[in-house]
Each structure stands twice: as structure tokens, then as C-alpha cells.
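2 protein chains.
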Amino acid sequence: MRGAILHAPGDVRLEQRDDPTIIEPTDAVIRLAATCICGSDLWPYRGLEPLEQPILMGHEYVGIVEAVGADVRTLDVGDFVVGSFAISDNTCEICQAGYTGRCAHGSFVHGTIGTQSEYARIPLADGTLVATPGRPDDHLIPGLLAASDVLGTGWFAAVSAEVGPGKTVAVVGDGAVGLMGVLAAKQLGAERIIAMSRHPERQALARFYGATDIVEERGDDGVARVKEITNGLGAHSVIEAVGTQESMMQAIRSTRPGGHMGFVGVTHDTQLPGDELFFSQVHLVGGPASVRRFLPQLIDLICNGQIDPSHVFDLTLPLDQVAEGYRAMDERRAIKTLLTL
Amino acid sequence: MRGAILHAPGDVRLEQRDDPTIIEPTDAVIRLAATCICGSDLWPYRGLEPLEQPILMGHEYVGIVEAVGADVRTLDVGDFVVGSFAISDNTCEICQAGYTGRCAHGSFVHGTIGTQSEYARIPLADGTLVATPGRPDDHLIPGLLAASDVLGTGWFAAVSAEVGPGKTVAVVGDGAVGLMGVLAAKQLGAERIIAMSRHPERQALARFYGATDIVEERGDDGVARVKEITNGLGAHSVIEAVGTQESMMQAIRSTRPGGHMGFVGVTHDTQLPGDELFFSQVHLVGGPASVRRFLPQLIDLICNGQIDPSHVFDLTLPLDQVAEGYRAMDERRAIKTLLTL
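These protein sequences, in sequence, are chains A and B. Numbering (this note's numbering) for the first sequence: 1 to 341. Numbering (this note's numbering) for the second sequence: 342 to 682.
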């Protein structure tokens, strides 16, 4: 089969790889129906993460079960499944508490499995994959694919930030995850949703998904605008979806004392000053999203037509053109590239 | 009247100061019944906080109301009151959400009011002070004084760390606040309470207040011991009551993924690595404790004899000997010094 491999910064290639097979009795092998490129894939693509050897790219996926191991109980060959970028057993104490993104027996699809490919072996299949009710219509596939990471991650961030009715939410980051954070905030009943964005087309999409206010300023100026909108106090809930020092500080400073911040932008070289965190009294939690926890609910919402996250994909290419997909996102010509098979 | 003033590191003196009077209609003036020295007072005493000018020391207090301003509604002259180290109106949005330690109109007693003194003017008296039911017996006064900060702070840390039934709690720091964190964890129903301490007399007090396990190791070794005790996962809830880089990292690393950490040691020169916080998936919140929120409940528990926090005071001196009280704590001859008037 063919799969994407990153050899060096800027050098991603679709190459022949071994067809995956069942290794553990808890595995499933899936044939990809669609996959995509993540903002987090750009970190190694841009050389901002160390790359010691070529790595298998891609961690977002929907597909059809081709084979299951002897211990797989909830999935059958032929099922259409959505999976999380984090492998989880969904039975350990950590998963049962809701944190499937940090399963005690978990691992990550990125780098070692790589789902920008025709097939993939998914370990701990019962705990990682969720079957849709029947084979979904084609028009639902992009939305279901979004659930695999960006929607699930935005949703996790919103839940982590304790978004709810009556709350004012600020979203730092206008990439796909930030936009899905806006969608999640709207679904979770937020009263006011401030999208921090300076790109007109992303602002429009943020408004489409439920943003009530747009703040174009960044850093301290952005914080000052959020404070103006929130009676000087800051937002109740802040979603951070970038991962830089500036965006983290902007998010912390945009949160009111006692407020909650969910940070899901993969952080790189950030240092949070303890004294500021102390006096800010912001509740902070972040990390690899527990997508698996929300997948059943998200699949329902998508299949019932209640949400349509598919608009985060503004470029669709065949898997063959994966390299162009990376280039378009790197150059910010595209928010997110969907790859068809 | 006389009050303690810190002139330079190690140089605290009881001096004549002006008698406080009502300035704002929301003020009360109290006559101190007892006061004490806080671990956080040692930071400037040890020269670890910049001291640009002499400052008024003390922020823990119980006393009798001597005068009230025209707008004070809940207090009368003669009431015995317990107050928080944080001034709060208890009516703003932040206070109403429970975060009285960061009241939108708040300030701190430390440095400007100073309650290691005979009298004190307390601003926003209705929102800061709570009257006890009648005049408490003398033997209850040390416990009520503890509620003013160390008990309230330990309680806030435990609530912030989401301590509850069935949970395993680790407490980093065996000072008065850490010990009160142990007491709070016990009251809040924790199943297992790990006190991290290497001092036999503090270990004994931790056990008295409810610790089920003692870990003497610090740093990575201490983390490893907590993991051993918790099936490799880390504690559900961690209370941090020191405020150094080492203690903060020890606390974060002792918390399981998805677990909660409340940090109340006043942080000094700490930097928290964002990538570790990201992958740890620890819920983090800290800061000046919202003591006022818990005071009515804590006063009840103390007056009903359900808790006795007074054992954190292992040295009692008259206010005259405040300088010796600081020395004893600085040299770790005392956990906490109570000052009588």
C-alpha cells in the first residue's frame, strides 16, 4: 500500500509501505475512506520539531474495517469507523475518568502508524474506534473525519474550559481546532463567543460556527479587547488552540480569575510563569484531547445533521497529492486539506 | 497602638503606629484577640521578596469589632469575627463565583494593613469578616485564627484539587498549610492521604490530621513513591503548599493524567514547562485562597468541635515577642507561632 512519509522538513512523500496486518488480538485493520492533514503535522514539516528519522504521517482517519483480531468485540468487518488520534483501551482508570487521550496503555497514531495511507492497523480497536450507524452518506464523511481530531479536540477544549450556558468564551487560534472550538462552544450553550482572528475568511467561518464577536488584536492588545467586552473581568472560558508562548499567555490573560482555560494547541518551547499563574487564579488543563470519549456523541450530532464541521476543509486533494496538501497549509492557502482515496 | 513592621530582612520590630479609624463607610475596626505569623511572612523576612520600604506585617486575625462604618450591615460592635487575609466585597461576579481571594474590588491585608498589631481597620467588612455565633470559648480561638488563612488555604487547595470520596490525595509541603490540606482532605472524604514530609514531628501531626501514608523522598524519588502507592498512575488530587520550582514540579508529576492539583504555596521564580503541562494533562489551579467562601463552614466545624486545627500552632508568644516568633519559624524551631494580646 501507499502511505505518506516525512523524510526531512518540507519533504513529504507518498511511498510504498507494507500492507498492515493483525498483530495483536485487539487490533483492527482499516481501509481508509478519507484522511487529512493536521495543523500539528506542520510542526515537524516546518522543522520545528526534531526529526531523527523518517516518520509515518497522519493521525486523522475514517474507514472501513477490513480485519479484526480475535479479541475485538464491538467491531465487525465492513463496519464504517471513526477513530481517535490517540490509541486507548477505554477501560483503564484514566480512560474511565474521561481522559482517553492519556490512556494508561495508550499511544499515538502520529509518527508510528500514520493514517495518510491506504490502510492502517489500529491497536486497541474496541477502545479507539467507534462504528457509525450503518454506512454514512458520502456528504457526511468530511464531518466524520473532522471528529477524528479537530472537532474532538475543539470539543475537549471547550469542555475543559467549562463552557456552558451564560458563559462568555474566548477562542485563541483561528485554525481548524479553534474553529471547532467555536462550534463546540455554541453547541454547549455559550452566550457569547469571541473569536480571535485577523483573517477575513476565517472570521467568516468563525461567525458561521457561532462566534458573536471578532477580536483582531493579538497579545496584550487582544487581552485588552477581551477585557473590554467582558466588563473588565476576562472571559469565563478560554480555548487555546495554537501552542506558542504568545498564544498561551494571551489565553491565560484573557481568562477571568476563577475562570477556566483549555489548551489544546500542541505546546512548543513554552514556559509559564508560576507567579502569574498563581495570581491569575485561572483553571488550566490541556493536552492530547480525549476524542474517544466524545466520539459517540459527535457521530450522532453529525449523522443527525445537527452539526456540520466539514467546512474546516477548504481544500480537497487525492492522497497522491499529499505533498501539495502540506504546501497549501504551510503557505496558509488552506485551513485544512482533506485527502481522498 | 503597637504593630509589627519589617524594616529589612531579619529585622521585624513592634512599634508604635497610629490607631486605625473608620475611613470608608464599609470599614470596620477590630481589636485583635489573637494573631500569628505565616510561612509566607518568611519570604520577605528572609529577603526572598524585594522590600522597597518598611511594610506592615501580619494578615491572619481574629478579634472583636470596635467600630463599624455607616454602610456595614452584617456586623455590630462587640461581635467576635474571623477575617480573611484577602479583602473582598463578596458581591462581585468573581466573588459570587467563589473566588473571593481575587475579588474584583479586593486587596490584601499583608503589607498595608498588617494584623500583627493591637487594632486593624478592615475594609469591605461585610465581605471580608464573618461573626462567630456568640463569643467563642478561649480554647477555640487558636482554631478560629487558623481558619483566617492556613486552614482556609488548605481547604481551598483541597477543593481546587477536587478531593472527594474514593480519591487518593498527595500533599506536597508539611508546613501549616500542608497540614491543614491533610485535615481538609480527611474532612472531604479522601480515601488515602499521602503526606510528603521528612520531619518526624510534622509526620506525626500529618497522621493526627488524617494522613494514611508518609513519603519522605523529594523530587523524582518522591514522585516515584507516590506512583508506587497509586498503581503507577499518580494521585487523583495533589495539594501543593510550598511554592518552589522543585515542589511545583514534584506536585505536577505526582498527579495522574486528568487529575487535579491545587497550588497555594506562594510561587517564587517558578517556570512551568508548557510541553510537560500539556502531556501531563493535569488540571491546575492555584492562587490566593478564597478563604471567605469557606469561613462560615469552617467556623461551624470548629465551634461544633468537629475539627481542631489549633495543633499547627506549636509556639505561643505575646505580641511583644513577635521578633522571636519570626526567628523560631525561620530556624524551623516552630511550625507556626501564635501571638497573644
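Even glycine gets a Cβ: it sits at the ideal position worked out from N, Cα and C.
Between A:Val242 and A:Gly154, the CB-CB gap reaches or exceeds 9 Å. If the five residues before and after A:Ile55 are omitted, its C-beta is found closer than 6 Å to the C-beta atoms of Leu6, Gly111, all from its own chain and listed in chain order.
CA-CA distance, A:Asn304 to B:Phe426, rounds to 53 Å. For A:Val282, the C-beta contacts it makes with chain B under 8 Å involve Val626, in order along the chain.
The C-alpha of B:Asp554 is placed about 55 Å away from the C-alpha of A:Arg2. Taken through DSSP and simplified to helix, strand or coil, B:Asp352 comes out as strand. Looking at the DSSP output, B:Gly344 bridges to B:Glu356, B:Ser458.
Gly439, Tyr440, Gly442, Arg443, Cys444, Ala445: these are the residues of the region 439-454 of chain B whose beta carbon lies less than 9 Å from some beta carbon of chain A, given in chain order.
Within 10 angstroms of the beta-carbon of A:Gln116 lie 16 or more other beta-carbons, which makes it buried. Secondary structure at A:Ala235: strand, using DSSP grouped into helix, strand and coil.
Under the three-pair Cβ rule at 8 Å, the region 512-526 of chain B counts as touching the region 645-656 of chain B. In terms of beta-carbon proximity, B:Thr376 stays away from the interface with chain A, with every pair separated by 9 Å or more. The alpha carbon of A:Gly210 has as its nearest neighbour, out of A:Pro142, A:Ala190, A:Arg198, A:Glu228, the alpha carbon of A:Ala190. In summary, no residue of the region 50-63 of chain A has a CB separated from any CB of chain B by less than 7 Å.
Around the C-beta of A:Pro123, 16 or more other C-beta atoms lie within 10 Å, and the residue is accordingly described as buried. The beta-carbon separation of A:Thr337 and A:Ile37, rounded to 5 Å, stays under the 8 Å limit for a contact.
Residue pairing by DSSP puts A:Gly63 in a beta bridge opposite A:Leu32, A:Val81. The region 481-490 of chain B and the region 419-435 of chain B touch, with no fewer than 3 CB-CB distances between them shorter than 8 Å. At a beta-carbon threshold of 8 Å, none of the residues of chain A lie near B:Phe426; the nearest stands roughly 14 Å away. Contact between the region 158-171 of chain A and the region 227-242 of chain A is present: 3 or more CB-CB pairs across the two stretches fall below 8 Å. A:Ile122 is bridged by DSSP to A:Ala28. Chain A places a beta carbon closer than 9 Å to that of B:Arg597, counting this residue as a contact. Put simply, the region 587-596 of chain B does not touch the region 250-265 of chain A. Fewer than three CB pairs are less than 8 Å apart.
Taking the CA atoms as reference points, B:Ser621 sits about 18 Å from A:Arg293. In the three-state reduction of the DSSP assignment, A:Asp320 falls in the helix class, which pools H, G and I. With respect to the C-alpha of B:Asp562, the residue from B:Ile580, B:Ser538, B:Ala545 having the closest C-alpha is B:Ser538. A:Ala241 sits in coil when the DSSP states are folded into three classes, being neither helix nor strand.
In terms of beta-carbon proximity, B:Asp490 stays away from the interface with chain A, with every pair separated by 9 Å or more. Distance check between B:Tyr667 and each of B:Gly442, B:Met398, B:Arg372 places B:Met398 closest, using alpha-carbon atoms only. Sequence-distant Cβ neighbours of B:Glu390 in its own chain, meaning closer than 6 Å and more than five residues away, are Trp384. With respect to chain B, the C-beta atom of A:Ser290 has a partner C-beta closer than 9 Å. Between A:Leu284 and B:Val605 a beta carbon distance of about 15 Å is seen, past the 8 Å cut, so the two are scored as non-contacting. Straight-line spacing of the CA atoms in A:Arg207 and A:Thr132 works out to 29 Å. Here A:Gly286 carries a strand assignment [DSSP, helix/strand/coil]. By the criterion of a C-beta distance shorter than 6 Å, A:Ser160 is surrounded in its chain by Gly262, Val285, once the five residues flanking it on both sides are discounted. For A:Pro142, the uninterrupted alpha helix (DSSP H) run begins and ends at 141-147, by DSSP.
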